[in-house]
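Trainee: This structure is in structure tokens; I'll ask about it shortly.
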Amino acid sequence: MGTLLVLWDIDKTLLDVDGVGFEIFSSAFAEFSGIPQHKDTRGPGRTEWRWFHDTLLANELQVTEECFPRFLRLQDAQFEARAADITQRGRVLPGVPEILRYCADTSDVVSSLLTGNARRNAERKLRAFGLDHFVDFDLGGYGDDHMERGELVEIARRRVYERTGTQFTPATTVIVGDTPNDVRAALDGGARAVAVATGVTAAADLRAAGADVILDDLADTEAVLEALLG
Ligand SMILES: [Mg+2]
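So, in structure tokens, the structure goes:
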């Protein structure tokens, strides 16, 4: 096969932390804002930066440059305190270790992440389930790199180029995710979109969003490989 860049979403694509991420975000936001009963903003597949920004606006708080870094530092403490909840309530989705291992072991495939999680949280989540050694975190795009998910595609491609000298193109880049926002990121950023219906979005809605391929889950490694190759 030709060389391929595969960028994985995390939540409800590779693993499911059973809402612990949302709880951590909410308690960190309560601490940040001093508003325990703040308005939540919902919407899977957003970057953490966008999520934080929208939550600030929903609670009529001022947006300044230092807000998001300060929020991430507060959130760090919550992640440390809730580490056991993540492993106890969370789970790796079917087939994920197998396909990640295959990609890691195949020299033609560069495998990293395109996730709304800030990088530090992406690392925490994968480490919690022993998946961290399958991907090169330095090559991915994260929710603290840019507010808009679509921008993360080019950020990841640039990192890959700088580190490996390989310039991937829209035809040789594939995004794997579970939400319409993942699909849109691929369409906006220039990549093929493989959608997996292990999140809250039904297969038909992922198709309507423009996904090139839709899978029920990642359990069948052969079928996933076929989808990745297009
Ligand atoms: Mg997701």
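Numbers in the working numbering are just positions in the sequence shown, counted from 1, shifted up by 11.
Just so you know, even glycine gets a beta-carbon here, dropped at the ideal spot from N, CA and C.
Once the 5 residues before and after A167 are set aside, which same chain residues still bring their CB inside 7 angstroms of it?
Mentor: Same-chain partners within the cutoff: L18, S123, L125, L150, G151 and G152.
Trainee: Output the distance between the C-alpha atoms of T24 and D216, rounded to the nearest integer angstrom.
Mentor: In a straight line, the C-alpha of T24 is about 16 angstroms away from that of D216.
Trainee: In chain order, which continuous runs of the alpha helix (DSSP H) of length 4 or greater are located wholly inside the segment 160-189?
Mentor: If we require 4 residues or more, the alpha helix (DSSP H) runs fully inside the segment 160-189 come out as 162-175.
Trainee: Could you give the DSSP three-state label for A139: helix, strand or coil?
Mentor: Reduced to three states, the DSSP call for A139 is helix.
Trainee: So, helix, strand or coil for A213, using DSSP?
Mentor: Looking at A213 - three-state DSSP - the assignment turns out to be coil, as it is neither helix nor strand.
Trainee: Please classify K136: is it buried, with 16 or more other beta-carbons within 10 angstroms of its beta-carbon, or exposed?
Mentor: Buried, because 16 or more other Cβ atoms sit within 10 Å of the Cβ of K136.
Trainee: Decide yes or no for the touch test of the segment 207-222 against the segment 175-192: beta carbon pairs closer than 8 angstroms, at least 3 of them.
Mentor: These segments touch.
Trainee: So within the segment 21-96, which uninterrupted alpha helix (DSSP H) runs reach at least 4 residues, ignoring any that extend past its ends?
Mentor: Counting whole runs of 4 or more residues, the segment 21-96 contains the alpha helix (DSSP H) stretches 31-44, 59-69 and 78-92.
Trainee: Just reading off the beta strand (DSSP E) that A206 is part of, what are its end residues?
Mentor: From DSSP, the beta strand (DSSP E) with A206 extends over R203 to V207.
Trainee: Quickly, what does DSSP pair G221 with across the bridge? List them, please.
Mentor: Its beta-bridge partners do not exist; DSSP assigns none.
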